[in-house]
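Trainee: My questions will all concern the structure given below.
In the UniProt record's numbering, the protein residues as written are 1 to 396.
So this is what it looks like as structure tokens:
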């Protein structure tokens, strides 16, 4: 009815017109040259007649406006409910509501027209285009990780070489480098993804209401789309920072480091998605994530080693992704140098022995730590899907 073209308006056979607030004020035929609509409203006392060659849709909106109701002292919704047209429509609805004998209720085998696999493929393709067309999100995090790698590489130039580690201070320096760059990049990923997911969630609400796809199909496509971008971040780190810092060039240590960084950054991205999914707005999500960063920082096992954490807080150490990431990073990089002796607090110990005594890191627990680290992104991805499918903060 907002279309100014008379031809388009009169191409419709029936018209359903509602005023502000959703109350029905007309439901009936348009008629030839809109004669039925014009006749109905002109029959109401006080409604001005339509001018010659005037657009019926424009006239109809003008005479049914709120200001016209106030001027006439009439309620168009009440007038329609009392009209014979409304009573005829009610009778038609009642007649059509009675099923024909022998018929069954309409039933569909599935809620959605396409299988889950097709829904997932469609959502994944949509997310692929969305990510490609959002350089403000993806390009920025690539630039950030590149600059961070150059900065940390220059700051800790060749400090990761085992030959440069002679005492606890030099060991703490390189371990702090691992800890700092992992947490730094993870927080940036978590903080960057939240505005993007918040914007996407508004679109998901509309498309979910229309029944276009399952919330789980969208969720899995969203988390899957992050994998290649996070992997590219890790590749940039391994090509720039890893050789600059001077970590060991062995295949096992290289891929263990790459695996740990990938799981950790992915975990932080998914954590940002989860926080947005169970909070009503981006402001609340940002406050909540700040608390998460603080706890991750304190309970990761580096600032306060695990043996020194109070018993009533040790549970958070074990549910912290950073604690398992540091366990894998420290153990794989320096946990096999049994012949490397260093001076620590007035004693001489091997590097693995010191890490076991001070941090509680044992090499025999490496497989368990690696599995638990991989489980965190999976758990967060499932939690994100559950929140998207069950929670709705839309106010409409």
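Backbone N, C-alpha and C fix where the C-beta goes; we use that ideal spot for every residue, glycine too.
Would you check if there are 3 or more beta carbon pairs closer than 8 Å linking the stretch 358-370 to the stretch 329-343?
Mentor: Yes, the stretch 358-370 touches the stretch 329-343.
Trainee: With contact counted as at least three CB pairs below 8 Å, one residue from each stretch, are the stretch 185-202 and the stretch 260-267 in contact?
Mentor: With three or more CB-CB distances shorter than 8 Å, the stretch 185-202 counts as touching the stretch 260-267.
Trainee: Hey, would you say residue 211 sits closer than 8 Å to residue 112, going by beta carbons?
Mentor: The criterion of a C-beta distance shorter than 8 Å is satisfied by residue 211 and residue 112.
Trainee: So which of 91, 172 and 124 has the shortest CA-CA distance to residue 156?
Mentor: 172
Trainee: For residue 229 and residue 236, what's the separation of their Cα atoms in angstroms?
Mentor: Spanning the two alpha carbons is a distance of roughly 11 Å.
Trainee: Enumerate in chain order the residues of its own chain whose CB-to-CB distance from residue 315 is below 8 Å, with the five nearest sequence positions on each side excluded.
Mentor: none
Trainee: Where do the N-terminal and C-terminal ends of the beta strand (DSSP E) with residue 27 fall, by residue?
Mentor: 24-29
Trainee: What residue from 21, 273, 327 and 389 has the CA that sits closest to residue 299's CA?
Mentor: 327
Trainee: Taking the alpha-carbon positions, what's the residue 223 to residue 127 distance?
Mentor: 10 Å
Trainee: Please confirm if the stretch 138-153 is in contact with the stretch 340-355, defined as three or more CB-CB distances below 8 Å between the two stretches.
Mentor: no
Trainee: Does the separation of the CB atoms of residue 260 and residue 373 fall below 8 Å?
Mentor: yes
Trainee: If you compare alpha carbons, which of 185, 293 and 353 is closest to residue 146?
Mentor: 185
Trainee: If you drop the 5 nearest sequence neighbours on each side, which residues of the same chain put their C-beta closer than 6 Å to that of residue 397?
Mentor: Residue 397 cannot be examined here, being either before or after the span of the chain that is shown, 1 to 396.
Trainee: Going straight from the alpha carbon of residue 73 to that of residue 45, what length do you get?
Mentor: 10 Å
Trainee: Check residue 385 in the structure and name its three-state DSSP category.
Mentor: helix
Trainee: Give the single residue among 202, 141, 273 and 204 whose Cα lies nearest to the Cα of residue 234.
Mentor: Considering only alpha carbons, the answer is 141.
Trainee: So, residue 294 versus residue 285, is the Cβ gap smaller than 8 Å?
Mentor: no
Trainee: Is it buried or exposed for residue 11, if we count other Cβ within 10 angstroms and need 16 for buried?
Mentor: With fewer than 16 other CB atoms across the displayed protein chains lying within 10 angstroms of its CB, residue 11 is exposed.
Trainee: Taking all protein chains shown into account, do 16 or more other C-beta atoms lie within 10 angstroms of the C-beta of residue 388, making it buried, or fewer, making it exposed?
Mentor: So residue 388 ends up on the buried side.
Trainee: Could you please give the first and the last residue of the uninterrupted beta strand (DSSP E) stretch that includes residue 15?
Mentor: 14-18
Trainee: Report the option in 383, 302 and 170 whose CA atom is closest to the CA atom of residue 276.
Mentor: Among 383, 302 and 170, the Cα nearest to that of residue 276 is on 383.
Trainee: Let me know if residue 255 comes out buried or exposed under the rule of 16 or more other beta-carbons within 10 Å of its beta-carbon.
Mentor: Residue 255 is exposed by the Cβ-count criterion.
Trainee: So residue 306 and residue 376 are in contact, right, with Cβ under 8 Å, and what is the actual spacing, rounded?
Mentor: Not a contact, Cβ separation roughly 18 Å.
Trainee: For residue 379 versus residue 296, is the C-beta spacing smaller than 8 Å?
Mentor: no
Trainee: Rounded to whole angstroms, what is the Cα-Cα separation between residue 90 and residue 37?
Mentor: Distance between the alpha carbons of residue 90 and residue 37: 19 Å.
Trainee: So if DSSP puts residue 350 in a beta bridge, which residue, or which two residues, is it bridged to?
Mentor: 341
Trainee: Thinking just about the alpha-carbon of each residue, which of 202, 162 and 272 is nearest to the one in residue 350?
Mentor: 162
Trainee: Where residue 59 and residue 50 are concerned, what is the direct C-alpha to C-alpha distance, given to the nearest angstrom?
Mentor: Near 7 Å, if we compare the C-alpha coordinates of residue 50 and residue 59.
Trainee: Less than 7 Å between C-beta atoms, sequence neighbours within five positions excluded: which residues of the same chain meet that for residue 18?
Mentor: 24 and 25
Trainee: Could you check the C-alpha separation between residue 1 and residue 9 for me, to the nearest Å?
Mentor: With a pLDDT of only 48 at residue 1, under 50, the local geometry of the prediction cannot be trusted, and the value read off the model is given with reservation. One C-alpha to the other measures close to 6 Å.
Trainee: Out of 122, 195, 312 and 40, which one is the CA nearest neighbour of residue 86?
Mentor: Proximity to residue 86 across 122, 195, 312 and 40 peaks at 40, based on C-alpha coordinates.
Trainee: Can you tell me the Cβ-Cβ gap for residue 193 and residue 269, rounded? I've got them flagged as a contact below 8 Å.
Mentor: The beta-carbon separation of residue 193 and residue 269, rounded to 5 Å, stays under the 8 Å limit for a contact.
Trainee: Between which residues of its own chain and residue 217 is the CB-CB distance below 7 Å, once the five residues before and five after are set aside?
Mentor: For residue 217, where only same-chain residues beyond five positions count, the Cβ hits under 7 Å are 116, 119, 120 and 123.
Trainee: Report the option in 231, 273, 348 and 357 whose CA atom is closest to the CA atom of residue 308.
Mentor: 357
Trainee: Quick one: measure Cβ to Cβ for residue 282 and residue 352, integer angstroms, because I've assumed they're closer than 8 Å.
Mentor: Rounded, the Cβ-Cβ distance is 45 Å, inconsistent with contact.
Trainee: Taking DSSP as the reference, what is the three-state secondary structure of residue 167?
Mentor: strand
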